[in-house]
Amino acid sequence: MSDARQRLLSDVDFFQSNEGLLVGTGLLLALWLVLKFAERYGRHVRPLVPRLAATLRRPLITGLSAALYLGWLAHAMSGAAPALMPLKGLETSTALILIAVGWASIDAGQMLLHTDHVQRWLGVDDPGERAMVTSLLDRLLSIGVVVITVAALMVTFGVSTTAVATMLGGAGIGIGFGTQQVSQNFLSGLMLYFTRPFSVGDWIQLPIWSGVETSTLQGTVERIGWYHTRIVTLDRRPLSIPNSVFATTPIENPGRMYNRRIKASIGLRYEDLPRMQAITEAVQHLLENHPDIDNRQMILVSFDEWAGSSINMLVYCFTRTTVWREYLHVQQKIFLEIADIVKKAGGDFAFNCTTLYPAPDLDSTHPIQKLTTAR
């Protein structure tokens, strides 16, 4: 028997005897009373103590009780009828204790991860991102405890530590090759947790190549899982996307934009050309002093195009809000105020039309000359 296994089993050897059964029962009762007392009165020591005691009470009492009584029973049966009970009580008790400790560790770790102290320690202000990081740590903790518990169980039942380490390493390599796609999605899921290009509740856009053309997929992130991420599209349909897609596809996250842009080309009549300077200056002054426009960003108002039936004024600025509904309201208010400036300046807006100018040498009896005279 290896030294590691000997140390692992020696502490529970005493409890296989009848005296040990009585002592173990007393210790279990004492542990139950301590946990109940801590659950009821522990808040006077620390607010976290009652929750921790309530979390540990079930796995510890259940697991240790099973280890004590089932281990004693297995020891008795293995002594009386070894052929019927090949497992010794010592290994049985130790295995159950390891399972109980692992169970309690997972429950306690999950409880501690959701405490206010740990949440503040994470340093993540956004609720969606904080929930995502907490979920990641929760899953990593569970996987780590399960792997350690399984390795300890193997050592308990006689497998050498070298063989256990070799087996775990080989299993990891084999699983990686055999489930390459799954591993790729899993690692991409970890990448999403650490890089956090988006979080639950964000509205994202990403290009999707269909084999013929590229389309844009838009939706709100509903859940980020280990294998795939689920979004809700604009027509309210859930869509699951493998996480590996996000490792090779550009992700646009409009939900984290700093501003929303207003960009418009406003067409005025050609006869408003003398008024263009005054109109652009008035609109520039409006935008620079408007409470809903971010004047730290670029603001441009300029006569920028001679069009077929209009002279166009470019209006370019950014709103302070990024909320779509509020942005539309601000844009409407800006457009109406620009229209008021144009009207007060004596100008008007152009529309597609054709103006006919007769040649100066046309005879007065020419149909075009008659048409313009009638007008």
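Residue numbering for the sequence shown follows the numbering used here, beginning at -12 and increasing consecutively.
Ideal placement from N, C-alpha and C gives every residue a C-beta, glycine not left out.
Item to complete: Please classify Q284: does DSSP put it in a helix, a strand, or coil?
Response: If you number the sequence shown from 1, residue 284 lands on position 297. Of the three classes helix, strand and coil, the one that applies to Q284 here is coil, per DSSP.
Worksheet entry | Euclidean distance between Cα positions of L177 and L123 | Sequence index remark: in the sequence shown, residue 177 carries index 190 (1-based). Sequence index remark: in the sequence shown, residue 123 carries index 136 (1-based). In this model, L177 and L123 are separated by some 8 Å (Cα to Cα).
Worksheet entry | Beta-carbon proximity of M141 to V133, cut-off 9 Å | Looking up residue 141 in the sequence shown gives position 154. Looking up residue 133 in the sequence shown gives position 146. With respect to V133, M141 sits apart: the two C-beta atoms are not nearer than 9 Å.
Practice prompt. Tell me the start and end of each unbroken beta strand (DSSP E) in the region 172 to 226 that is at least 3 residues and wholly inside, in chain order.
Written response: 190 to 196, 201 to 211 and 215 to 220
Discussion item. Using only the alpha-carbon positions, how far apart do G333 and E258 sit?
Written reply: What you label residue 333 is simply residue 346 of the sequence shown in a count that begins at 1. What you label residue 258 is simply residue 271 of the sequence shown in a count that begins at 1. Approximately 10 Å, taken between the alpha carbons.
Worksheet item: Apart from the five residues just before and just after G206, which ones in its own chain have a Cβ nearer than 6 Å to its Cβ?
Response: For the purposes of this step, residue 206 is identified with residue 219 of the sequence shown, where counting begins at 1. Here the set comprises I218, V219 and T220.
Fill in: Contacts around F233, its chain only, beta-carbon distance under 8 Å, and the 5 residues preceding and following it disregarded
Taking the sequence shown and counting its residues from 1, one reaches residue 233 at position 246. Correct list, in chain order: S175, M178, L179, P184, L193 and T216.
Worksheet entry | Classification of I325 by the beta-carbon crowding that lies within 10 angstroms, buried from 16 upward | The sequence position of residue 325 within the sequence shown is 338, counting from 1. Per the 10 Å Cβ criterion, buried.
Worksheet item: If we call anything under 9 Å between Cβ atoms a contact, is C304 one with I286?
Response: Residue 304 sits at position 317 when you count from the first residue of the sequence shown. Residue 286 sits at position 299 when you count from the first residue of the sequence shown. Yes, Cβ-Cβ distance for C304 and I286 is below 9 Å.
Worksheet entry | Three-state secondary structure (DSSP) of A251 | Numbered from 1 along the sequence shown, position 264 holds the residue referred to as residue 251. Note: A251 maps to strand in three-state DSSP.
Worksheet entry | Euclidean distance between Cα positions of D335 and W293 | Position 348 of the sequence shown, counting from 1, holds the residue named residue 335. Position 306 of the sequence shown, counting from 1, holds the residue named residue 293. Answer to the nearest angstrom: the Cα atoms are 16 Å apart.
Worksheet item: Would you call the CB atoms of L35 and H104 closer than 9 Å?
Response: Position 48 of the sequence shown, counting from 1, holds the residue named residue 35. Position 117 of the sequence shown, counting from 1, holds the residue named residue 104. Yes, Cβ-Cβ distance for L35 and H104 is below 9 Å.
Practice prompt. Buried or exposed for T203, please, with buried defined as at least 16 other CB atoms from any protein chain shown within 10 angstroms of its CB.
Written response: Your numbering for residue 203 matches position 216 in the sequence shown. Exposed, by the Cβ-count rule.
Worksheet item: Since W190 contacts G242 with CB under 8 Å, what's their CB separation in whole angstroms?
Response: Numbered from 1 along the sequence shown, position 203 holds the residue referred to as residue 190. Numbered from 1 along the sequence shown, position 255 holds the residue referred to as residue 242. Their Cβ separation, rounded to whole angstroms, is 5 Å, which keeps W190 and G242 in contact under 8 Å.
Worksheet entry | For A138 and L57, the rounded distance between their alpha carbons | For the purposes of this step, residue 57 is taken as residue 70 along the sequence shown, with counting starting at 1. For the purposes of this step, residue 138 is taken as residue 151 along the sequence shown, with counting starting at 1. Answer to the nearest angstrom: the Cα atoms are 22 Å apart.
Worksheet item: Can you round the beta-carbon distance between A25 and A54 to whole angstroms, since I take them to be within the 8 Å contact cut?
Response: In the sequence shown, the residue the question calls residue 25 occupies position 38. In the sequence shown, the residue the question calls residue 54 occupies position 67. About 22 Å separates the two Cβ atoms, so there is no contact after all.
Worksheet item: From E275 to R248, what distance separates their C-alpha atoms?
Response: To locate residue 275, count along the sequence shown from 1; it is residue 288. To locate residue 248, count along the sequence shown from 1; it is residue 261. So the alpha carbons of these two residues sit roughly 14 Å apart.
Worksheet item: Quick one: what's W293 bridged to in DSSP?
Response: Locating residue 293 in the sequence shown gives position 306, where the first residue counts as 1. Paired residue(s): I298.
Worksheet item: Could you give the C-beta distance for I280 and T308, rounded to a whole number, given that I count them as a contact under 8 Å?
Response: For the purposes of this step, residue 280 is taken as residue 293 along the sequence shown, with counting starting at 1. For the purposes of this step, residue 308 is taken as residue 321 along the sequence shown, with counting starting at 1. That pair is no contact at about 10 Å.
Fill in: L51 vs I93 beta-carbon contact at 9 Å
Sequence index remark: in the sequence shown, residue 51 carries index 64 (1-based). Sequence index remark: in the sequence shown, residue 93 carries index 106 (1-based). Cβ distance not < 9 Å, so L51 and I93 don't count as in contact.
Discussion item. What does the alpha-carbon distance come out to for the pair R126 and G212?
Written reply: Stepping through the sequence shown from its first residue, residue 126 is reached at position 139. Stepping through the sequence shown from its first residue, residue 212 is reached at position 225. Their Cα atoms are separated by approximately 11 Å.
Worksheet item: Do G96 and L128 have their CB atoms nearer than 9 Å?
Response: Here residue 96 refers to the residue found at position 109 of the sequence shown. Here residue 128 refers to the residue found at position 141 of the sequence shown. Contact: yes.
Worksheet item: Does the separation of the CB atoms of R45 and P37 fall below 9 Å?
Response: Residue 45 sits at position 58 when you count from the first residue of the sequence shown. Residue 37 sits at position 50 when you count from the first residue of the sequence shown. Cβ distance not < 9 Å, so R45 and P37 don't count as in contact.
Worksheet item: So what does DSSP say about Y303, is it helix, strand or coil?
Response: Position 316 of the sequence shown, counted from the first residue, corresponds to residue 303. If DSSP states are grouped into helix, strand and coil, Y303 belongs with the strands.
Fill in: Own chain partners of E239 with C-beta closer than 8 Å, once the 5 adjacent residues on each side are dropped
Working through the sequence shown from its first residue, we reach residue 239 at position 252. Result list for E239: I191, Q192 and L193, in chain order.
Discussion item. Buried or exposed, going by whether 16 or more other CB atoms sit within 10 Å of the CB of Y314?
Written reply: In the sequence shown, the residue the question calls residue 314 occupies position 327. Y314 is buried by the Cβ-count criterion.
Worksheet item: When you compare only the Cα positions, how much space is there between P229 and G131?
Response: As a first step, residue 229 is located in the sequence shown; it is residue number 242 there, counting from the start. As a first step, residue 131 is located in the sequence shown; it is residue number 144 there, counting from the start. The alpha-carbon atoms of P229 and G131 are separated by roughly 24 Å.
Practice prompt. In angstroms with no decimal places, state the Cα-to-Cα distance between L255 and F338.
Written response: Counting from 1 along the sequence shown, the entry for residue 255 is found at position 268. Counting from 1 along the sequence shown, the entry for residue 338 is found at position 351. Approximately 8 Å between the Cα atoms of the pair.
Item to complete: Inspect the beta-carbon positions of V288 and M300 and report whether they are closer than 9 Å.
Response: Residue 288 sits at position 301 when you count from the first residue of the sequence shown. Residue 300 sits at position 313 when you count from the first residue of the sequence shown. Contact flag set, yes.
Worksheet item: Can you give the beta carbon distance from E78 to F144, rounded, assuming they're within the 8 Å contact cut?
Response: Along the sequence shown, read from residue 1 onward, the residue named residue 78 stands at position 91. Along the sequence shown, read from residue 1 onward, the residue named residue 144 stands at position 157. The pair is a contact, with the Cβ atoms about 6 Å apart (cut-off 8 Å).
Worksheet entry | Whole-number beta carbon distance between V187 and R224, since they are thought to touch under 8 Å | One-based indexing of the sequence shown puts residue 224 at position 237. One-based indexing of the sequence shown puts residue 187 at position 200. Not a contact, Cβ separation roughly 18 Å.
Item to complete: Look up I228 in the DSSP assignment and give the residues it is bridged to.
Response: Along the sequence shown, read from residue 1 onward, the residue named residue 228 stands at position 241. Looking at the DSSP assignment, I228 forms a beta bridge with T216.
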